[in-house]
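The number in the working numbering is simply the position in the sequence shown, starting from 1, with 150 added.
Glycine is no exception: its CB is placed at the ideal position from the N, C-alpha and C atoms.
This one's a predicted model, so the numbers in the text were calculated from it and none came from an experiment.
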Amino acid sequence: FQAKPTPVLFLSAVRCDDTLRRLIARCQPALYLNKGTDSRPDKLGPRLEKVIGYLLHQDQGEGR
151 FQAKPTPVLF LSAVRCDDTL RRLIARCQPA LYLNKGTDSR PDKLGPRLEK VIGYLLHQDQ
211 GEGR
């Protein structure tokens, strides 16, 4: 029995730099989403749904 990797979503207002990119690369499957300056639910929600959908699609696409 082997556990399936769990997708990780890094959500931050801090801009992604090379150090964070290396960390994300080690945590695959993972993505980073910058909340931007307007993190109200009506603005952030659609972006978050899109990224989560992408992560779930990637997970299914790899036969897991």
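According to DSSP, is A153 helix, strand or coil?
coil
Distance between R176 and L170 (C-alpha atoms, nearest Å):
Going by the C-alpha atoms only, they are around 10 Å apart.
Spatial neighbours of Y204 within its chain, please: C-beta separation below 8 Å, excluding the five flanking residues on both sides.
L181
Going straight from the alpha carbon of F151 to that of F160, what length do you get?
28 Å
According to DSSP, is A180 helix, strand or coil?
strand
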